[in-house]
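Numbering (this note's numbering), first residue to last: 1 to 210.
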Amino acid sequence: MIADYVINAEKQLVAIHLTILCLLTGLVLSGCSEQGVKPDIANHLVVMVDASSSYKARQAEAVERAVAILEGMSKTKLKRWESHSDKIFIISLDASPDTIWQGSLKDLKTKSPAFWKERFMSRTDYSSCTDVSSAFRLAARHLAGDSRYIGKYLFVFSDMLHEPPTVNMRACQFPVNVSPDDFPWANLGDVSISVFWMPPDQKLLWRRAV
């Protein structure tokens, strides 16, 4: 009987130690539980659209192209897009970058070009300048999480000229062709990034920076 008591006590002690270990190291995210249940596999995508006046006519096109790419990805067996767990964020790249929409791929496909025209028109007060660093920091926050369970994608439709506001939203810094000092490189290391509409010379500068 004493032996049984010792064995049971040891089992309880091991269980307590395991629970404490899970809490302290965050292993709950990697499936450390009594049932061994792991987090759902999900894909998170950010679509960043240049909202400056020079791209005004192409903003709806950018979203349509992103949808077409996602539909192609959804047909593959690897990392399929599932509406119940995947998240899509649309960011307006302007003087004060902000998330103007979020939802699933199913929801995104229901939005018309007129919807996007209205969404971007509502931000005309910010369309004079483009703060590239702030936009990418916002994208990085949306894409935070354990990359073992989250597929992270960033689609950027922009010339990637960094010209943030100065004294007001219409007075911009002189355009910078490549990444500024506060660009969040460290937070994007596990993100698959695709940039569209970047001029060839600009692409060369960014590629060298990367």
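Even for Gly, the Cβ is constructed at its ideal location relative to N, Cα and C.
(request) Report the rounded CA-to-CA distance for THR130 versus VAL210, giving the unit in angstroms. (result) 20 Å
(message) In whole angstroms, give me the CA-to-CA distance for LEU143 and LEU45.
(response) 7 Å
(request) Apply the 10 Å Cβ neighbour rule to LEU213 and answer buried if 16 or more other Cβ atoms are within range, or exposed otherwise. (result) No information on residue 213 is available, as it lies outside the stretch 1 to 210 that the chain covers here.
(request) Please name the residue or residues paired with ASP200 in a DSSP beta bridge. (result) Going by the sequence as given, residue 200 is Pro instead of Asp. According to DSSP, which records beta bridges pairwise, PRO200 is partnered with nothing at all.
(message) In the DSSP output, what is ILE69 paired with across the bridge?
(response) According to DSSP, ILE69 bridges with nothing at all.
(message) To test your reading of the DSSP string, which unbroken beta strand (DSSP E) runs of 3 or more residues are found completely within the stretch 82-131?
(response) 87-93, 98-103
(request) Assuming ASP94 and ARG123 form a contact by the criterion Cβ under 8 Å, report the distance between their Cβ atoms to the nearest whole angstrom. (result) 6 Å
(message) For a test of the three-state rule: what should DSSP assign to TYR149, helix, strand or coil?
(response) coil
(request) Please confirm whether ASP40 and TYR126 have their CB atoms less than 9 Å apart. (result) no
(message) Whole angstroms are fine: how far does the CA of PRO180 sit from the CA of SER53?
(response) 22 Å
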